[in-house]
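Residue numbers for the sequence shown follow the working numbering, beginning at 13 and rising by one.
Cβ coordinates follow ideal geometry from the N, Cα and C atoms, glycine included.
A short write-up of the structure that comes next.
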Amino acid sequence: MSSRDTDWDGVRLHVVTGKGGTGKTTVAAALALALAADGRKVLLVEVEGRQGIAQIFDLPPLPYEERRIAVAPGGGDVHALAIDPEEAMLEYLEMFYGMRRAGRALSKMGIVDFATTIAPGFRDVLVTGKTTEAVRRRGKDGKRIYDAVVLDAPPTGRVARFLNVTNEVAGLARVGPIKNHADLVNGVVSSPETAVHFVTLLEEMPVQETLDGIAELRRVGLPVGGVFINMVRGALLPQATLDAASAGRFDPADLALGLKAAGLTDGGSKATALADALAREVEEHARRTELEHQERASLDAVGRPRYELPLLADGVDLAGLYELAEAICAQGAA
13 MSSRDTDWDG VRLHVVTGKG GTGKTTVAAA LALALAADGR KVLLVEVEGR
63 QGIAQIFDLP PLPYEERRIA VAPGGGDVHA LAIDPEEAML EYLEMFYGMR
113 RAGRALSKMG IVDFATTIAP GFRDVLVTGK TTEAVRRRGK DGKRIYDAVV
163 LDAPPTGRVA RFLNVTNEVA GLARVGPIKN HADLVNGVVS SPETAVHFVT
213 LLEEMPVQET LDGIAELRRV GLPVGGVFIN MVRGALLPQA TLDAASAGRF
263 DPADLALGLK AAGLTDGGSK ATALADALAR EVEEHARRTE LEHQERASLD
313 AVGRPRYELP LLADGVDLAG LYELAEAICA QGAA
């Protein structure tokens, strides 16, 4: 699929957030592979220090440098960067003050950690600044180095504050390099070149956190992207069976007869007990399916593109990442 056919034509920074446990890093990695398909070059960035990218691609811990980690479908490249806030601060001191050597001395004294602890907004400016620099960077030929950048961002509850750097540094500096740097970052993050995507499961708490996160982004004027529903289970039973179970019209006696007709039981009390147990499972599955339909409806109400990614039966490995990337491309997200 060419970039002209995607839902996010013109977007260069894809921020991926989600409630813990929803597979945020997995989706970010799969999205990077999808965006890099057919010869494009994408940078995948993480900022939380968990080395999640290395783990998911089965690599040693990543250093603080950009390096190629995967080849995308069709020959594109995925590069990765694990941002270290301390190294980002040293770069910042060098860039704006020519103080890299002094910065290393400050680092040894613990001043860097102290500064980012008492002013966490400054830490966010450092890591978002490094990310947006990659978005803006051009080669000697004047072309952008990366076709897209995917940022594996903090969880939903913190993402608005993380991205809203102008407000976060307001108490630190009203003029000067820090303020100018924050304005530069904000110019990218709040522009049409950015989309903040949410990862969720079809469960009440992740969906509600997604809805709250979307509302918060809209309140502060940051660009809302799409909703990725992760770990979607395929249909296990015909809809008619689910409707009957939901309406209380699913008769275990019919199931017992079916088991006997299929030669799985020979009737009797054991067959009845098995049919009763299976009937309870069917009813539970029907209730879960109905709840999932309700959660989908809640997500549809926010009016953003929605993408569904399958539950990987064998867990998340490289083959699974490529499977998810193909699903993302097929749905027009990349």
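- Its chain contains T140, G141, T144, V177 as the residues whose beta carbon lies nearer than 6 angstroms to that of V197, once the 5 sequence neighbours on both sides are disregarded; these appear in chain order.
- Boundaries for A49: no alpha helix (DSSP H) harbours it, and the DSSP string shows neither H nor E there.
- Exclusion of the five residues before and after R230 leaves V236 as the residues of its chain whose Cβ lies within less than 7 angstroms of its Cβ.
- Taking a cut-off of 8 angstroms for Cβ pairs, the stretch 33–47 and the stretch 203–219 touch, as three or more such pairs fall below it.
- Per DSSP, P189 is one residue of the alpha helix (DSSP H) stretching across 189–201.
- Secondary structure at E335: helix, using DSSP grouped into helix, strand and coil.
- Nearest to E295 by alpha-carbon distance, out of Y319, A287, L254, is L254.
- In this chain, the beta strand (DSSP E) harbouring F210 covers 206–212.
- Per the DSSP secondary-structure output, G30 pairs in a beta bridge with V211.
- Inter-residue distance for G151 and G315 is about 37 angstroms (C-alpha atoms, whole angstroms).
- Within 10 angstroms of the beta-carbon of R245 lie fewer than 16 other beta-carbons, which makes it exposed.
- When DSSP reads this structure, H91 sits in a beta bridge with L55, R80.
- Non-local beta-carbon contacts of G64 in its own chain, meaning distances under 7 angstroms to residues more than five positions away in sequence, involve T37, E58, D164 in chain order.
- Close CB contacts of G86 within its chain, under the 8 angstroms cut and outside five residues either way in sequence, are with A49, D50, G51 (chain order).
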